[in-house]
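Right, one structure below, let's go through it.
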Amino acid sequence: MTKTAAPAVEAPAVAPATTPNTKPYAINLHDYPGTVLAEAAVHMRNGYICSPDISPQFFSTNGQIAVTLVLGSPDQETIDRANKTTGHALELQEIDRQREVEAAARKMMADMQRAEAKAKLDAQIADQTNALRRLKDQAAKL
Numbered sequence: 007m008t009k010t011a012a013p014a015v016e017a018p019a020v021a022p023a024t025t026p027n028t029k030p031y032a033i034n035l036h037d038y039p040g041t042v043l044a045e046a047a048v049h050m051r052n053g054y055i056c057s058p059d060i061s062p063q064f065f066s067t068n069g070q071i072a073v074t075l076v077l078g079s080p081d082q083e084t085i086d087r088a089n090k091t092t093g094h095a096l097e098l099q100e101i102d103r104q105r106e107v108e109a110a111a112r113k114m115m116a117d118m119q120r121a122e123a124k125a126k127l128d129a130q131i132a133d134q135t136n137a138l139r140r141l142k143d144q145a146a147k148l
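Taking the numbering used here, the leading residue of the sequence shown gets 7, the next gets one more, and so forth.
What follows is the structure, encoded as structure tokens:
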């Protein structure tokens with residue numbers, strides 16, 4: 007009599023909750039603003055937007071915020087506002103750069119004027135030193 011092994015019972019394959027190719031529809035973030043906003047930026051780069059149905063909540067008692075993100079693309083109005091904000095930020099950056107350039111030019115002009123004034127004073131000192139030397143030489147001859 008030969009023994010036959012009972013057929014092995016295989017466990018049903020269970021798919022992981024999420025695989026690298028799947029994303030949940032909604033993500034809830036709740037923590038301090040710096041942490042939430044940094045994480046939200048990463049999720050937004052990966053195709054999430056702030057939920058149009060659930061406004062972010064600010065908790066004044068502990069300083070935390072809660073944000074719900076959902077898969078989606080921003081609407082055209084949001085894109086237009088973002089472009090306008092970017093343009094405004096670039097304008098402010100250019101204004102700051104112009105101010106820095108103007109301040110550097112004023113400093114350079116002031117430095118040049120000081121150098122010119124010092125050169126004139128040095129020339130006067132040299133002339134006066136030579137005149138004093140001549141007077142001392144004349145006095146020594148007497």
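Heads up, the beta-carbon is just placed ideally off N, CA and C, and yes, glycines get one too.
Requested in this report: Would you identify the three-state DSSP class for Met7, choosing helix, strand or coil?
Outcome: Annotation note: pLDDT 48 at Met7 (below 50); position unreliable, no value reported.
Requested in this report: With DSSP collapsed to three states, give me the class of Asn68.
Outcome: Looking at Asn68 - three-state DSSP - the assignment turns out to be coil, as it is neither helix nor strand.
Query raised in the report: Buried or exposed: Met7, going by 16 or more other Cβ atoms within 10 Å of its Cβ?
Result: For Met7, the pLDDT reaches just 48, beneath the cut-off of 50, and the residue's location in the model is therefore unreliable, leaving the point undetermined.
Report task. Can you have a look at Val48 and say buried or exposed, based on whether 16 or more other CB atoms are within 10 angstroms of its CB? Result -> It is exposed - the Cβ of Val48 has fewer than 16 other Cβ atoms within 10 Å.
Query raised in the report: Are Ile71 and Pro39 close, meaning C-beta to C-beta below 8 Å?
Result: For Ile71 and Pro39, yes; Cβs fall inside 8 Å.
Query raised in the report: Under three-state DSSP, which class holds Asn52?
Result: Coil, per DSSP.
Query raised in the report: Roughly how many whole angstroms lie between the Cα atoms of Lys29 and Gln104?
Result: Cα to Cα, the separation comes out at about 46 Å.
Query - Segment contact flag, the stretch 110-129 with the stretch 68-82, C-beta cutoff 8 Å, min 3 pairs - result: Using a C-beta cut-off of 8 Å, the stretch 110-129 makes no contact with the stretch 68-82, since fewer than three inter-stretch Cβ pairs fall below that distance.
**Report entry** At least three beta-carbon pairs within less than 8 Å, the stretch 41-55 to the stretch 71-88
**Finding:** The stretch 41-55 makes contact with the stretch 71-88; the number of CB pairs closer than 8 Å reaches 3 or more.
Query raised in the report: Mapping DSSP to helix, strand and coil, what is Thr91?
Result: DSSP, reduced to helix, strand and coil, places Thr91 within a helical segment of the structure shown.
Requested in this report: May I ask you to list the residues that DSSP assigns as paired with Gln63?
Outcome: The partner list for Gln63 (beta bridge, DSSP) reads Ala72.
Query raised in the report: Which residues in the same chain have their Cβ closer than 7 Å to the Cβ of Asp152, if we skip the five residues on either side of it in sequence?
Result: Because residue 152 is not part of the residues shown, which for the chain are 7 to 148, the question remains open.
Requested in this report: Count the other C-beta atoms from every protein chain shown that fall within 10 angstroms of the C-beta of Val107, then say buried if there are 16 or more, exposed otherwise.
Outcome: Note on Val107: under 16 other CB atoms within 10 angstroms of its CB, so exposed under the neighbour-count rule.
Requested in this report: Using 10 angstroms around the beta-carbon of Ala125, count the other beta-carbons present and answer buried if the total reaches 16, otherwise exposed.
Outcome: Exposed.
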